[in-house]
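J.: Keeping their order, the protein sequence lines are chains A and B.
FYI, our numbering numbers position 137 of the first sequence as 137, with every residue one higher than the one before it.
Quick note: to get our numbering, add 1000 to the position in the second sequence (first position is 1).
Before we start, here is the structure in question, set down as structure tokens.
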Amino acid sequence: MSSTTWKEALASHMAADLAEEIDIFETQIHLRKQGKIEEKLFAETRLRRGAYGQRYDNGQRYDGAKTQQLRYPDVPTKGPDTAWDAPGMMRIKIPFGGLNTEQMAVLADLAEEYSDEILHITTRQDIQLHYVHIDDTPDLMRRLAAVGITTREACGNSVRNITACPLSGVCHTELFDVTPYAQATMRFLLGHEDCQDFGRKFKIAFSGCRHEACGLANMHDMGAVAAVRQTDGTQQRGFELYVGGGLGAVPHQAQLFSEFLPEEELLPTAQAIARVFARLGEKRNRNRARIKFLIAKLGIEEFRRLVEEERKILPHDPRWTAYLSDLHAYDEEALKAPQPLANGAADDAFTTWKRTNVYAQRQAGYSVATIALPLGDLTSRQMRDLIAICKQYVCDTVRTTVEQNIVLRWVSDADLPQLFADLQAAGLDQPGAGTLVDITSCPGTDTCKLGIASSRGLAAELRKRIALKGVELDEAIEGLRIKISGCFNSCGQHHAADIGFYGNSRKINGITVPHFQVVLGGQWRENAGSFGLAMGAVPSKNIPEVVERLSQRYIEEREQNESFQSYIQRMGKRDIKAMLDDLTLVPPFEENSWYYQDWGDTRTFTIDDLGKGECAGEVVSATVMEIAAAEREVFEAQVKLEEGDIDGAVQIAYRAIVRSARALVREQFYDVPDSADSVVSEFRTRFFDSELFSLQFANYFFTAHQEGTHGLDATAAHRRIEEAQLFIEGAYTCYDKIAAELA
Amino acid sequence: MEELQRINIKVYLQDPQSLSSEEVFRVFNEWIVDNTDEVLVDVADYDHVGNGPLTLLIGHEANYSLDSDLGEMGLLYTRKQPQGGELSERLAGALRAALRACHRLETAAELAGKVAFRGGDLKITANDRLRAPNTEDGERALREALDPVLTALFCSASYAVERDTSSGERLSLRVRAEGDFTPETLLANLAN
């Protein structure tokens, strides 16, 4: 019987850099447990590895009457306000939503062994597993790494998952397939040095055309919309590039950065933008730290000028264009030949499903089938069933969508009835994809520390009620989108919905009542072309009536072909508010306590268990992160020495000194080369000669550099490790001095 | 196999309709308040997935769920944190915890005695593909530790064991004993 570890079992299956990163993270967990890494630093470290705290992680939970302490066995915490042993969320980046069956199988395995047998698709095409214990995260990451998936920078102040239209490559309106560009951007920016010092997260999306919703480019920090132009008689690919979009509490429409950015300029421009954001973006006030605030402050012209200046001085990187010679690597092939759907009697269920869930591809004879997932959830068993379905009908791949669904592409039309039957057997046959019933919701109070009201509870209730109406839904409202966020931070993308809601609360006679703010008239199409208007807060329990009333009035009162957005604008805020006025009333608790509970919860409502959000991460400078990484290397050197590997220990200790020295040098000379000689030279000039750094500790560096890393005995190796630790102490002190001067 | 720590136990309901997600949600919330034996953290509602962990009580040491996987309703106990002792002791520990939870549901005042479990019908899953592969060898190794526990559990009544050999499945054994057993009886048997 096997008793090996996942680390051993998968050693030859993981990319070396991913494997090393995970080992490092595992060491950091051990160090944190020993109290050798401070809380704030570890919080940002784990967030950048995708490990996120959940709502009750502060060690307390409201039980319906009072907030009680949860008695975790260990006192220490795993980050600010977060208990060590509280099971948390693992966000797994799925670039452009693309998954193959091998990856799907591993995800199903992980959901069973480390989570709760549920896989959750997010509004940014990630997959989240909940209730994962931090001690399990290194093995979870290894198993993902073995199939080419990383959780790195899934959270924290970093470049998050890069999204793209799930129809890329098969869409009728796209100019070209953006998949390889999304993938190349993800690879290039992942762990990139220039993306490690942001004050907040940075989100990128790709879209194949301007007019559909697809990539939602207008609500991203950086949105790239496919564009082409004729140059010297040949067609040149590029992007219409937008920057500074974002939802959050204050939504910003993205601004046009470039009407046409040639494809070869995509990656260097993204890098230059990252540098400007890292250098000038707000770091202290996290509420104003997204790039949209920087651009609003500078103005788009000045921001563009700064980025263009930065672009000019970027050291050349062959990766900027290397991928362009291999753009077809991500082309997907069909498993079967294109065959038309046979004419004949089809049952009602199939007809209904086909009408809403099937999209005819640009390639004749093929379709995209959408698997509509209630609340974005599917079980591990359904994932396994889906793997079998994939192998039966398509060539091994699926894509997740920002509407929290999964699409199967390249289904031969003739297979659609049997595919539907197989999806039925797996419980994956929900109709109504992309319609009123296909409601998007963030996790809300279920698991998020910031959630105020139960967005998932409300979504489930609305879904149940709308689904009951089924085919009776009027055509005018069927295509409307409902999107729900648990708070004003917009993770449910409520601003971009026809009918959006975000959670808040109101005190009624001293008792807190869950409410949702009604936001109407946002535009999903045109890459989230416009945002909705807030109309007022309504008690959570009256929201289904809001949807009923609004949709009924729209059906009755709309003018010919009038869109919902136009109808809302024509009606105006005053009339809409009047329409909903009676629904804002809440009976006293003694009369009807039902209003004082949230959807899907039997406890009396409270906001007492609100916590500090983790989406903003902890602002820890890139320099401090690097010095901390060097410190962890010193720990590794000690372990090597204990194992008797003297040369290995000395090499790691030396590497740690160089790493921390380079981190300091970068404070003054950002593009310092990697070579140790360069670091020594620059460090000597900038920190030793200027006496900014302890001269004694600096000499440890120079001596180590001169003596090299071979031929030391155990005593000398031990001393070298001690010196490395002292050098790192000096680096921390020096950085504090620099930071204080800057402040 | 001896290192196996993650053990799942599922006990099936006599009447699948006897317990709703909403009722369990309420009861699980009360367990968080009343519980003194282990750290219980939160309750999650997954009723919308159809078949699966419909209502889930998340704990530090273990999770409990009203589970309808494959359309069979029951209580699923998922042990997460390591237990001491040999594997047979850990299997017995997981069984005890699962059966205690069943008994607690059966005797919960708010459920008015309408809930009953088929104690003689269990699914035991080694929730660790690395240490317990779903193979004949894996089954043999697990049975070595499990059989003495089952003999004690069913008081030497005969039982049949069937392994789920479906692709991708964990090592899962469905155990069906001859005769009727309530969780209370089984707990008493394990205590002897």
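No residue lacks a Cβ here, since even glycine has one placed at the ideal position from N, Cα and C.
Between cysteine 171 of chain A and the ligand PLP, is the CB less than 6 Å from at least one heavy atom?
T.: The ligand PLP is absent from the structure shown, which contains no ligand whatsoever.
J.: For isoleucine 652 of chain A, collect the residues of the same chain with a Cβ closer than 7 Å to its Cβ; drop the 5 residues on either side in sequence, then sort them by chain order.
T.: Against the first sequence, residue 652 of chain A aligns to sequence position 652. Within the same chain, isoleucine 652 of chain A has close Cβ partners Glu633, Glu636, Ala637 and Lys640.
J.: For isoleucine 1058 of chain B, which residues does DSSP report across the bridge?
T.: As a first step, residue 1058 of chain B is located in the second sequence; it is residue number 58 there, counting from the start. Note: isoleucine 1058 of chain B sits in a beta bridge opposite B/Asp1042.
J.: For a cutoff of 7 Å on Cβ pairs, would you count tyrosine 52 of chain A as touching chain B?
T.: As a first step, residue 52 of chain A must be located in the first sequence, where it is residue number 52. It does not; no Cβ of chain B falls within 7 Å.
J.: Using a cut-off of 9 Å between C-beta atoms, extract the partners of aspartate 422 of chain A located in chain B.
T.: Numbered from its first residue, the first sequence carries residue 422 of chain A at position 422. Going along chain B, no residue has its Cβ under 9 Å from aspartate 422 of chain A, so there is no contact; the nearest lies around 16 Å.
J.: Starting from the C-beta of aspartate 139 of chain A, find all residues in its chain whose C-beta is less than 7 Å away, skip the five residues before and the five after it, and write them out in chain order.
T.: Numbered from 1 along the first sequence, position 139 holds the residue referred to as residue 139 of chain A. Contacts found: Trp6.
J.: In whole angstroms, what separates the C-alpha of asparagine 100 of chain A from that of glutamate 1072 of chain B?
T.: The residue you call residue 100 of chain A lines up with position 100 of the first sequence. The residue you call residue 1072 of chain B lines up with position 72 of the second sequence. Near 30 Å, if we compare the C-alpha coordinates of glutamate 1072 of chain B and asparagine 100 of chain A.
J.: Who pairs with phenylalanine 516 of chain A in a beta bridge, going by DSSP?
T.: In the first sequence, the residue the question calls residue 516 of chain A occupies position 516. Answer is A/Gly503 and A/Val538, bridged to phenylalanine 516 of chain A.
J.: On the DSSP bridge list, what partners appear for arginine 1118 of chain B?
T.: In the second sequence, residue 1118 of chain B corresponds to position 118, counting from 1. Arginine 1118 of chain B is bridged to B/Tyr1012.
J.: Is there a Cβ from chain A that is less than 7 Å from the Cβ of histidine 1048 of chain B?
T.: Here residue 1048 of chain B is taken as the residue at index 48 of the second sequence, counted from 1. Yes - at least one Cβ of chain A is within 7 Å of the one on histidine 1048 of chain B.
J.: Apply the 10 Å Cβ neighbour rule to histidine 172 of chain A and answer buried if 16 or more other Cβ atoms are within range, or exposed otherwise.
T.: The residue you call residue 172 of chain A lines up with position 172 of the first sequence. Exposed, by the Cβ-count rule.
J.: So, does the CB of threonine 401 of chain A fall closer than 7 Å to a CB anywhere in chain B?
T.: Numbered from its first residue, the first sequence carries residue 401 of chain A at position 401. Judged by the 7 Å Cβ criterion, threonine 401 of chain A is not in contact with chain B.
J.: Can you give the Cα-Cα distance for phenylalanine 420 of chain A and aspartate 326 of chain A, rounded to whole angstroms?
T.: Numbered from its first residue, the first sequence carries residue 420 of chain A at position 420. Numbered from its first residue, the first sequence carries residue 326 of chain A at position 326. Rounded to whole angstroms, phenylalanine 420 of chain A to aspartate 326 of chain A spans 35 Å at the Cα level.
J.: Around the C-beta of glycine 35 of chain A, are 16 or more other C-beta atoms found within 10 angstroms, so that it is buried, or is it exposed?
T.: For the purposes of this step, residue 35 of chain A is taken as residue 35 along the first sequence, with counting starting at 1. Per the 10 Å Cβ criterion, exposed.
J.: Can you tell me where the beta strand (DSSP E) holding glycine 238 of chain A begins and where it ends?
T.: The count along the first sequence starts at 1 and reaches residue 238 of chain A at position 238. 234-243 is the extent of the beta strand (DSSP E) around glycine 238 of chain A.
J.: Show which residues of chain A have a CB atom less than 9 Å away from the CB atom of asparagine 1051 of chain B.
T.: Here residue 1051 of chain B is taken as the residue at index 51 of the second sequence, counted from 1. In chain order: Thr379, Arg381, Gln382 and Gly427.
J.: Please identify, using Cβ separations under 8 Å, the residues of the segment 1055-1073 of chain B that lie next to chain A, in order along the chain.
T.: Flagged, chain order: Leu1056, Ile1058, His1060, Asn1063, Ser1065, Asp1069 and Leu1070.
J.: Name, please, each residue of chain A whose Cβ falls closer than 8 Å to the Cβ of glycine 1168 of chain B.
T.: Looking up residue 1168 of chain B in the second sequence gives position 168. Chain A residues near glycine 1168 of chain B: Ala105, Ala108, Asp109, Arg384 and Ile387.
J.: Who are proline 544 of chain A's beta bridge partners in DSSP?
T.: The residue labelled residue 544 of chain A in the question sits at position 544 within the first sequence. Proline 544 of chain A is not bridged to any residue.
J.: If you run the structure through DSSP and keep just helix, strand and coil, what is lysine 354 of chain A?
T.: For the purposes of this step, residue 354 of chain A is taken as the residue at position 354 of the first sequence. In this structure, lysine 354 of chain A counts as helix in the three-state DSSP scheme.
J.: Return the chain-ordered list of same chain residues with a C-beta closer than 7 Å to the C-beta of tryptophan 1031 of chain B, the five sequence neighbours on each side being excluded.
T.: For the purposes of this step, residue 1031 of chain B is identified with residue 31 of the second sequence, where counting begins at 1. For tryptophan 1031 of chain B, where only same-chain residues beyond five positions count, the Cβ hits under 7 Å are Leu1040 and Leu1057.
J.: Would you say valine 650 of chain A and arginine 720 of chain A are within 7 Å of each other, going by their C-beta atoms?
T.: Stepping through the first sequence from its first residue, residue 650 of chain A is reached at position 650. Stepping through the first sequence from its first residue, residue 720 of chain A is reached at position 720. The answer is yes: Cβ separation under 7 Å.
J.: Per DSSP, which residues does leucine 119 of chain A bridge with? Please list them.
T.: In the first sequence, the residue the question calls residue 119 of chain A occupies position 119. Answer by DSSP bridge pairing, in chain order: A/Leu378.
J.: Is any beta-carbon of chain A found at less than 7 Å from that of aspartate 1037 of chain B?
T.: On the second sequence, residue 1037 of chain B is found 37 positions in, with the first residue counted as 1. Output row for aspartate 1037 of chain B: interface = no.
J.: Let me confirm a value: valine 1033 of chain B is counted as buried when at least 16 other C-beta atoms fall within 10 Å, else exposed. Which label applies?
T.: Taking the second sequence and counting its residues from 1, one reaches residue 1033 of chain B at position 33. Valine 1033 of chain B should be labelled exposed.
J.: Based on the DSSP secondary-structure assignment, which residues constitute the bridge partners of isoleucine 482 of chain A?
T.: Walking along the first sequence from the start, residue 482 of chain A turns up at place 482. Isoleucine 482 of chain A is bridged to A/Ile499.
J.: Within 10 Å of its beta-carbon, does aspartate 197 of chain A have 16 or more other beta-carbons around it, so buried, or fewer, so exposed?
T.: In the first sequence, counting from the first residue as 1, residue 197 of chain A sits at position 197. Burial call: buried.
J.: Quick one: Cα of aspartate 347 of chain A to Cα of phenylalanine 488 of chain A, how far?
T.: Counted from its first residue, the first sequence places residue 347 of chain A at position 347. Counted from its first residue, the first sequence places residue 488 of chain A at position 488. Near 43 Å, if we compare the C-alpha coordinates of phenylalanine 488 of chain A and aspartate 347 of chain A.
J.: Three Cβ pairs or more, each shorter than 8 Å: is that satisfied between the segment 236-256 of chain A and the segment 286-300 of chain A?
T.: Yes, the segment 236-256 of chain A touches the segment 286-300 of chain A.
J.: Would you list, in sequence order, the uninterrupted alpha helix (DSSP H) runs of no fewer than 4 residues that lie entirely inside the segment 254-315 of chain A?
T.: Listed in chain order, the complete alpha helix (DSSP H) runs (minimum 4 residues) inside the segment 254-315 of chain A are 266-280, 291-298 and 300-313.
J.: From the DSSP output, in three-state form, read off isoleucine 696 of chain A for me.
T.: If you number the first sequence from 1, residue 696 of chain A lands on position 696. In the sequence on display, residue 696 of chain A carries glutamine and not isoleucine. Three-state DSSP puts glutamine 696 of chain A in a helix.
J.: Which chain B residues sit within Cβ distance under 9 Å of isoleucine 118 of chain A?
T.: For the purposes of this step, residue 118 of chain A is taken as the residue at position 118 of the first sequence. Result: Ala1044, Tyr1046, Val1049, Gly1052, Pro1053 and Leu1056.
J.: Check the C-beta distance from aspartate 518 of chain A over to phenylalanine 501 of chain A and give it rounded, since I have them as a contact under 8 Å.
T.: Locating residue 518 of chain A in the first sequence gives position 518, where the first residue counts as 1. Locating residue 501 of chain A in the first sequence gives position 501, where the first residue counts as 1. According to the sequence provided, residue 518 of chain A is valine. The question's aspartate does not apply to it. Indeed they touch by this definition, with Cβ atoms about 6 Å apart.
J.: I believe glutamine 128 of chain A touches isoleucine 94 of chain A by the beta-carbon criterion, under 8 Å. Please report the beta-carbon distance rounded to the nearest angstrom.
T.: Position 128 of the first sequence, counted from the first residue, corresponds to residue 128 of chain A. Position 94 of the first sequence, counted from the first residue, corresponds to residue 94 of chain A. That pair is no contact at about 10 Å.
J.: Go through the segment 419-478 of chain A residue by residue and report every complete run of the alpha helix (DSSP H) that reaches 4 residues or more, in order.
T.: As far as the segment 419-478 of chain A is concerned, its whole alpha helix (DSSP H) runs of at least 4 residues are 455-469 and 475-478.
J.: Classify alanine 740 of chain A as helix, strand or coil using the three-state DSSP reduction.
T.: Within the first sequence, the letter at position 740 stands for residue 740 of chain A. It is helical.
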